[in-house]
Amino acid sequence: MKTSNYSFLILAVALVLSSCSSVKVLDSWKGDNAPSLKEKNILVIARTDNKQARIAFEEEIANQLRDSDFKATESFKKLPNIDPDRKLDEAQTKTLVETIKREGFDGIVLSVVKDYSEATRTSTDGGYYAGASYGAFYPGYYGGFYGYYSHPMTYVSTGSYMPMTSTTTTVKTYVIETVAYNLDEEDGKQLVAVVTSSLENPTNISSNAAEYAKKIKKALKN
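All the letters of the sequence shown, read from the start, carry residue numbers -25 to -1, 1 to 197 under mature numbering (1 follows the signal peptide of the UniProt record, and there is no 0).
See the structure below:
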């Protein structure tokens, strides 16, 4: 996806409509300076102009960080007027960083949807005789040819044929990247951690944001 705004909009809709979900950490990295994040006043930002998604993800990530003794604040509470998804030039980015620092923050945890994809999966079932074979009888009547050949369960009439059926489903996958920065370090050395995760067939914003936030907390702590 080229725009995180559109990706988060799709995510917000899917979170409401889908029925099951799975969050997996695809990759994570922590620098040697990762422990320094514990000492920072962290601003948590979800890069989207979809208010519902922004609030849900920022709240859950901030809550998980606070549970691990990080000092974290949601950007929608402290800086509600900023547009995280707005494209900024170099001067505007510098101004934003100065604003963040002026508000007393020296750490950043930023999340953004990096990719969105849909794929179809087809599963098949049936196409066999139910009851035609039972492992519990091994070796049992299988032990000798005579016993096996004469046993009533070896005739074709035993068991019911289960017709083959197939089910096709659409799998929606979001790739979310969360990065952590120490703003007190010099430019080029501020990166503390990167966590890339996939969110498959999300259910609702609150529960999936919570599940995702737990993965982020674990990755930052380990």
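Just so it is clear, CB atoms sit at the ideal spot from N, CA and C, and this is done for glycine as well.
- My understanding is that D81 touches L158, with C-beta atoms under 8 angstroms, so please give their C-beta distance in whole angstroms. Contact between D81 and L158 holds: their C-beta atoms lie close to 5 angstroms from each other, under 8 angstroms.
- Item | Neighbour-count burial assignment, S98, 16 or more Cβ in a 10 Å radius | By the 10 Å Cβ count, S98 comes out exposed.
- If you draw a straight line from the C-alpha of K190 to the C-alpha of T70, how long is it? Here the alpha carbon of K190 sits roughly 32 angstroms from the alpha carbon of T70.
- Message: Check this for me: beta carbons of A168 and Q39, under 8 angstroms apart or not?
- Response: With contacts defined as CB atoms closer than 8 angstroms, A168 and Q39 fail to qualify as a contacting pair.
- Task: Helix, strand or coil for D42, going by three-state DSSP, please let me know.
- Result: Three-state DSSP puts D42 in a helix.
- Task: Kindly indicate the opening and closing residues of the beta strand (DSSP E) around R96.
- Result: Here the beta strand (DSSP E) through R96 covers G82 to D100.
- A94 versus A21, E175, I75 and E34, residue with shortest Cα-Cα distance: Ranking A21, E175, I75 and E34 by Cα distance to A94 puts E175 first.
- Query: Which residue from A185, E49 and T148 puts its Cα closest to that of I75?
  - Reply: Measuring C-alpha to C-alpha distances from I75 to each of A185, E49 and T148 identifies E49 as the nearest.
- Message: Taking the straight line between their C-alpha atoms, what separation do you get for S43 and K192?
- Response: The alpha-carbon separation between S43 and K192 amounts to approximately 8 angstroms.
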